[in-house]
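In the working numbering, the protein residues as written are 17 to 95.
All C-beta atoms, glycine included, are put in the ideal place defined by N, C-alpha and C.
Because the structure is a prediction, the values reported are computed rather than measured.
First up is the structure itself, then whatever we jot down about it.
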């Protein structure tokens with residue numbers, strides 16, 4: 017998941033630098049780009065990173081711990 021986000025982020029940077037060079041309205045473009053890089057995209061990246069961490073790390077660990085605790089409390093396997 018992080019690799020996909022990283023690839024999308026790099027491709028966006030390439031497109032943005034191309035548009036930056038071709039833009040005639042330099043000051044307006046700079047303000048929009050500054051807002052996107054400092055405010056919007058880091059938040060989106062953080063949300064995606066948090067979701068992937070929660071789904072692939074925390075959830076399986078908590079599931080394993082819950083199953084283990086339930087098994088331990090119920091007295092193990094009863095024949």
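Exercise. Cβ of residue 79 within 8 Å of Cβ of residue 21?
Worked result: no
For this session: Alpha carbon to alpha carbon, how far is residue 90 from residue 18? Give it in angstroms, no decimals.
Result: 39 Å
Exercise. In whole angstroms, what separates the C-alpha of residue 26 from that of residue 76?
Worked result: 30 Å
For this session: State the start and end residues of the unbroken alpha helix (DSSP H) segment that holds residue 80.
Result: 75–89
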